[in-house]
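Inspection log for the structure reproduced underneath, given as structure tokens.
Residue numbers (my numbering): 126 to 746.
Okay, structure coming up:
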């Protein structure tokens, strides 16, 4: 049962660990604002509700829709954003839609928090539209930012104005997370749009202030009885975070005018000058570089462009290249891997990658990551700091969790030079450090700070970004400044969210492995839930799957519990070596007309309570 907070004679807040839901009651009829699992018929009946007249959603995510299934079956109308109605009504099919599942670059919304099944029908509402249910003013307010079409709901009862803000603003000038603000802007698309929705949500806060609400009821956490103070604080903190991100962004190199829309006067790091490639390194095409040995052999680094195979074969025919002997892949994005399909048709050379990267390439179905290519490749994973000889060169593989957690760097030593291929993690102006679902983890010895430490230790003469046909250096003072930026970012993030920075950026701290698998009807599948703890103290958890009809757990308990170890000093937080894992064996139904079975896992811990992770089982007879 949810805890009930009474705001006035007609208005209640149903609070449970998964969030808040508002309840407007008049003469036995009620209107819900968002719907968590505590919004049950029994709970509403205890409050004198005989009929639920409608549910007003603030956005499309599971935290706002988790308890809605019961009411949909009863035909209760659902009012949602006109902008997000398609996401709600097509949620189930989007999980398996190839356009959503693979090669996602332009659009990162919907996201991992999307509902597992369709929510339909949705009564489409636009900002400024009033809901005609009771003799109260119930107004939809544009709350874009926390999601592109987010709404808030303003209820006026007499002189009192109550604003249901969803995830757009929490009490005390806080936000639930920062990954939700991903959005393309200027010349870039969603994938690179870190804080791209910051201008939108800041405009939302200005709208909220202009409404002069007496009470702000957020999607989770305490109710705010002094919302103006918190909204002003939110804006100040967001400006500081925007300045931090812009100051050291790799995008300042790629798109020098990108951040003018934020503020042209905010300072940025100048960056380093471009340097020529060493004579033994050739920029081939796309993201590919070719190492040339003295005897004419070649070693390829990344293969995103299908044209790479043809260019290498042309060099072999012309006599400028003897043979291709190996390939190194920095990370799993399709602009670094897609060309392997054609390349491996002509060459039998080994494909190498860091151990964590290799798993994403060998088992792409096991992950839900942006910009993946769906074809599995035969890749040999190398442990961190594995050193091997290739012709006259010494090569060393590193785990390099920069732009992507599953990312490697390759150090090439030869002819008196140290050349470090850094994938997409750095440019001459700074950090290409956050993209959604890539799990770029903050903190000491993790993520980008681990990469900076490695560069300090290696002291390469040259760095090479896979997207540019030039080299660069990051001098010690630049490395120190980049680390200061990251430390400051963690501090600002903790002020914004009220908890450790990792929770704000890691939208996959609780995830299903494998994300997707194929099985026959009646088969038994093994599914694990992997959990990362971003706190310095242990995290007790209880996890329980929500099984589709006909499924059952075999050989173990439905509900499992354990303690996730505290934040570690290492960076190897990935499916190849998870910090914590719980496992279920699930028997699939013998007869089912569903081609895809969604497996939702509910988690209960101090961080959240509700549907935290999803996996898919494809049924193939």
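Even for Gly, the Cβ is constructed at its ideal location relative to N, Cα and C.
Notebook entry, point to check: Considering only C-alpha positions, which residue in the set 390, 369 and 189 is nearest to residue 290?
Noted result: Mapped onto the chain shown, residue 290 falls at position 165. Closest option to residue 290, Cα to Cα, is 189.
Check: Under three-state DSSP, which class holds residue 465?
Finding: As a first step, residue 465 must be located in the chain shown, where it is residue number 340. DSSP places residue 465 in helix when its eight states are reduced to three.
Next item on the list: Have a look at residue 250 and residue 398 and give me their C-alpha separation to the nearest angstrom.
Entry: As a first step, residue 250 is located in the chain shown; it is residue number 125 there, counting from the start. As a first step, residue 398 is located in the chain shown; it is residue number 273 there, counting from the start. Distance between the alpha carbons of residue 250 and residue 398 is about 52 Å.
Next item on the list: Taking residue 379 as part of the alpha helix (DSSP H), name the residues at either end of that continuous run.
Entry: If you number the chain shown from 1, residue 379 lands on position 254. Residue 379 -> alpha helix (DSSP H) spans 376-379.
Next item on the list: In angstroms with no decimal places, state the Cα-to-Cα distance between residue 606 and residue 581.
Entry: Taking the chain shown and counting its residues from 1, the one referred to as residue 606 is at position 481. Taking the chain shown and counting its residues from 1, the one referred to as residue 581 is at position 456. When rounded, the distance between both Cα atoms is 13 Å.
Next item on the list: Select from 376, 272 and 474 the residue whose C-alpha is nearest the C-alpha of residue 422.
Entry: Walking along the chain shown from the start, residue 422 turns up at place 297. When only C-alpha atoms are compared, the closest one is 474.
Notebook entry, point to check: How many angstroms separate the CA atom of residue 328 from the CA atom of residue 243?
Noted result: Here residue 328 refers to the residue found at position 203 when the chain shown is read from its first residue. Here residue 243 refers to the residue found at position 118 when the chain shown is read from its first residue. So the two alpha carbons sit approximately 31 Å from each other.
Check: For residue 148 versus residue 139, is the C-beta spacing smaller than 7 Å?
Finding: Position 23 of the chain shown, counted from the start, is the residue given in the question as residue 148. Position 14 of the chain shown, counted from the start, is the residue given in the question as residue 139. With a cutoff of 7 Å on beta-carbon distance, residue 148 and residue 139 are scored as near each other.
Checklist line | the stretch 453-472 touching the stretch 547-558, judged by at least three CB pairs closer than 8 Å | finding: yes
Margin query: For residue 195, which residues in the same chain have their Cβ closer than 6 Å to its Cβ, ignoring the five residues on either side in sequence?
Written below: For the purposes of this step, residue 195 is identified with residue 70 of the chain shown, where counting begins at 1. Take residue 195, set aside five residues on each side of it, and no residue of its chain has a beta-carbon closer than 6 Å to its own.
Check: Taking the alpha-carbon positions, what's the residue 338 to residue 230 distance?
Finding: Translated into positions along the chain shown, residue 338 becomes position 213. Translated into positions along the chain shown, residue 230 becomes position 105. Each residue's alpha carbon lies about 38 Å from the other.
Notebook entry, point to check: Thinking just about the alpha-carbon of each residue, which of 516, 524, 563 and 559 is nearest to the one in residue 540?
Noted result: In the chain shown, the residue the question calls residue 540 occupies position 415. The residue with the shortest Cα to Cα distance from residue 540 is 516.
Item checked: residue 232 versus residue 134: straight-line alpha-carbon distance, rounded -> The residue labelled residue 232 in the question sits at position 107 within the chain shown. The residue labelled residue 134 in the question sits at position 9 within the chain shown. Taking the straight line joining both Cα atoms gives about 44 Å.
Notebook entry, point to check: Which two residues bound the contiguous alpha helix (DSSP H) that contains residue 144?
Noted result: Looking up residue 144 in the chain shown gives position 19. Not the alpha helix (DSSP H): residue 144 falls in the beta strand (DSSP E), residues 144-151.
Check: How should residue 716 be labelled, buried or exposed, when 16 other C-beta atoms within 10 angstroms of its C-beta is the threshold for buried?
Finding: Taking the chain shown and counting its residues from 1, one reaches residue 716 at position 591. Flag for residue 716 reads exposed.
Check: What's the gap between the Cα of residue 128 and the Cα of residue 735?
Finding: As a working note, residue 128 is residue 3 in the chain shown. As a working note, residue 735 is residue 610 in the chain shown. When rounded, the distance between both Cα atoms is 16 Å.
Checklist line | Host beta strand (DSSP E) of residue 490 (start-end) | finding: If you number the chain shown from 1, residue 490 lands on position 365. Per DSSP, residue 490 belongs to no beta strand (DSSP E) and is neither H nor E.
Notebook entry, point to check: According to the neighbour-count rule (16 or more other Cβ atoms, all chains shown, within 10 Å of its Cβ), is residue 529 buried or exposed?
Noted result: In the chain shown, the residue the question calls residue 529 occupies position 404. Buried.
Margin query: Going by DSSP in three states, residue 728 sits in which element: helix, strand or coil?
Written below: Position 603 of the chain shown holds residue 728. If DSSP states are grouped into helix, strand and coil, residue 728 belongs with the strands.
Notebook entry, point to check: Using CA coordinates, which residue listed in 644, 348 and 380 is at the minimum distance from residue 312?
Noted result: Working through the chain shown from its first residue, we reach residue 312 at position 187. Per the Cα distances, 380.
Check: Got a sec? Which residues, its chain only, sit under 6 Å from residue 733 by beta carbon, not counting five neighbours each side?
Finding: Indexing the chain shown from 1 puts residue 733 at position 608. Once the five neighbours on either side are set aside, residue 733 has no close Cβ partner at all.
Checklist line | Neighbour-count burial assignment, residue 172, 16 or more Cβ in a 10 Å radius | finding: As a working mapping, residue 172 is identified with position 47 in the chain shown. When all chains shown are included, residue 172 counts as exposed.
Note to self: Distance check for residue 522 and residue 184, CA to CA, integer angstroms please.
What the structure shows: Locating residue 184 in the chain shown gives position 59, where the first residue counts as 1. Locating residue 522 in the chain shown gives position 397, where the first residue counts as 1. Near 43 Å, if we compare the C-alpha coordinates of residue 522 and residue 184.
Check: Which residue or residues does DSSP assign as beta-bridge partners of residue 343?
Finding: Counted from its first residue, the chain shown places residue 343 at position 218. For residue 343, which the question treats as bridged, DSSP gives the partners 291.
Next item on the list: Would you mind giving the Cβ-Cβ distance between residue 253 and residue 265, rounded to the nearest angstrom? I have them listed as a contact below 8 Å.
Entry: Start at 1 with the first residue of the chain shown, and residue 253 comes out as number 128. Start at 1 with the first residue of the chain shown, and residue 265 comes out as number 140. Residue 265 and residue 253 do touch by the CB rule: their CB atoms are close to 7 Å apart, below 8 Å.
Notebook entry, point to check: What runs of the alpha helix (DSSP H), each 4 residues or longer, lie entirely inside the stretch 200-255?
Noted result: As far as the stretch 200-255 is concerned, its whole alpha helix (DSSP H) runs of at least 4 residues are 210-214, 216-219 and 223-226.
Checklist line | Identity of the residues DSSP links to residue 320 by a beta bridge | finding: In the chain shown, counting from the first residue as 1, residue 320 sits at position 195. Per DSSP, residue 320 has no beta bridge partner at all.
Next item on the list: Have a look at residue 469 and residue 510 and give me their C-alpha separation to the nearest angstrom.
Entry: Position 344 of the chain shown, counted from the start, is the residue given in the question as residue 469. Position 385 of the chain shown, counted from the start, is the residue given in the question as residue 510. When rounded, the distance between both Cα atoms is 26 Å.
Checklist line | Nearest-angstrom beta carbon gap, residue 367 and residue 323 [assumed within contact, 8 Å] | finding: Position 198 of the chain shown, counted from the start, is the residue given in the question as residue 323. Position 242 of the chain shown, counted from the start, is the residue given in the question as residue 367. Contact flag correct, Cβ pair sits at about 5 Å.
Next item on the list: May I ask you to report which of helix, strand or coil DSSP gives residue 450?
Entry: One-based indexing of the chain shown puts residue 450 at position 325. Here residue 450 sits in strand by DSSP.
Notebook entry, point to check: What are the start and end residues of the beta strand (DSSP E) that includes residue 519?
Noted result: Translated into positions along the chain shown, residue 519 becomes position 394. Where residue 519 is concerned, the enclosing beta strand (DSSP E) stretches over 518-524.
Check: Where does residue 361 fall in DSSP's three states?
Finding: Looking up residue 361 in the chain shown gives position 236. It is helical.
Item checked: residue 745, DSSP secondary structure in three states -> Start at 1 with the first residue of the chain shown, and residue 745 comes out as number 620. Residue 745: coil per DSSP, three-state reduction.
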